[in-house]
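First the structure, in the form of structure tokens, and then the observations on it.
Numbering (the numbering used here), first residue to last: 3 to 240.
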């Protein structure tokens, strides 16, 4: 099943037949983020309306709603922990907490953090789910304790704000996007192992960062790069 957000609707598709499975609308503002739990039984959606909705699957019914997350831009990113028990969300609030953790089963808040260490981009769970890494406005990557939201360490530095982060092919590294650069950082030493020029302005869609399972390709927005050489991959793409 493929889950997408379009306007205020969550849209679900059977990937064998490409027939749409249509649940309720749910949000009163555009959907910014969609995430499936690892076991496939929960879909989370976050909207510009500042609400987070947990849908049961395959029933496609609203199971729980959490309101009042974020300010004018609502919920921006969603991610489940590897065991599916915790849902992480990021939502920009001026002068307040940026990152939120919720219990997937009950919707109960687990932790909220980021007020004194402003960041943006997704909440990314490290292997095992006990730690989280986020992209920070001071150019560092922050590593947090998932159970409490306590800052464990800040890793590395870049001249400008970092806008997005995603794990590398092993849990000891993470890719980051910031300004017109794309880097791979060692989470223990803070060293940038690779640093590529992208020529992108990092706004919204161009901070959506993804890494192939083998770690050979990095995608930012609608662009692809060879993760080893930093060369753009254009063959077969428009």
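Ideal placement from N, C-alpha and C gives every residue a C-beta, glycine not left out. Predicted model only: the values in this text are computed from it and were never measured.
Check                                                                                                                   : Outcome
Separation of residue 69 from residue 223, as counted between CA atoms                                                  : 28 Å
Nearest residue (CA-CA) to residue 110, options 147, 56 and 187                                                         : 56
Host beta strand (DSSP E) of residue 15 (start-end)                                                                     : 11-15
Inter-residue CB distance, residue 169 and residue 158 (contact presumed, cutoff 8 Å)                                   : 15 Å between Cβ atoms; not a contact.
Cα-Cα separation between residue 73 and residue 138, rounded to whole angstroms                                         : 19 Å
Nearest candidate by alpha-carbon position, reference residue 175, set 128, 93 and 116                                  : 128
Paired residues, beta bridge with residue 183 - DSSP                                                                    : 180 and 199
Cβ shell of residue 252 (< 6 Å), same chain only, five flanking positions each side left out                            : Because the chain is modelled from 3 through 240, residue 252 falls outside the range shown and cannot be assessed.
Buried/exposed call for residue 206, threshold 16 Cβ in 10 Å                                                            : Below a pLDDT of 50, predicted positions are generally treated as unreliable, and residue 206, at 49, falls in that range; the measurement from the model is reported next regardless. Under this definition residue 206 is an exposed residue.
Near the ligand SAH: residue 190 beta-carbon under 7 Å from a heavy atom                                                : Ligands are entirely absent from the displayed structure, and the ligand SAH is therefore not among its contents.
Close-in-space but distant-in-sequence residues of the same chain around residue 163 (CB under 7 Å, 5 per side omitted) : 139, 141 and 180
Nearest-angstrom Cα separation, counted from residue 38 out to residue 14                                               : 11 Å
Residue 77 and residue 101 closer than 8 Å at C-beta                                                                    : no
Own chain residues within Cβ distance below 7 Å of residue 60, not counting five before or after                        : none
With 16 other Cβ atoms within 10 Å as the buried cut-off, status of residue 236                                         : exposed
Beta bridge counterpart(s) of residue 234 as assigned by DSSP                                                           : 227
Member of 30, 227, 40 and 66 whose CA lies at the smallest distance from the CA of residue 51                           : 30
Alpha-carbon spacing of residue 81 relative to residue 16, whole angstroms                                              : 22 Å
Backbone secondary structure at residue 110 - three-state DSSP                                                          : coil
Neighbourhood of residue 42 by C-beta, 7 Å cutoff - its chain only, sequence neighbours within 5 removed                : 59
Of the listed residues 202, 66 and 219, nearest to residue 28 (C-alpha basis)                                           : 66
DSSP-derived helix/strand/coil call for residue 194                                                                     : strand
Cβ separation of residue 145 and residue 189, assumed to be a contact under 8 Å, to the nearest whole Å                 : 7 Å
Identity of the residue in 92, 202, 32 and 19 nearest residue 12 by Cα                                                  : 32
Whole runs of the beta strand (DSSP E) within the region 10-75, excluding any shorter than 3 residues                   : 11-15, 33-38, 44-49, 54-58 and 63-68
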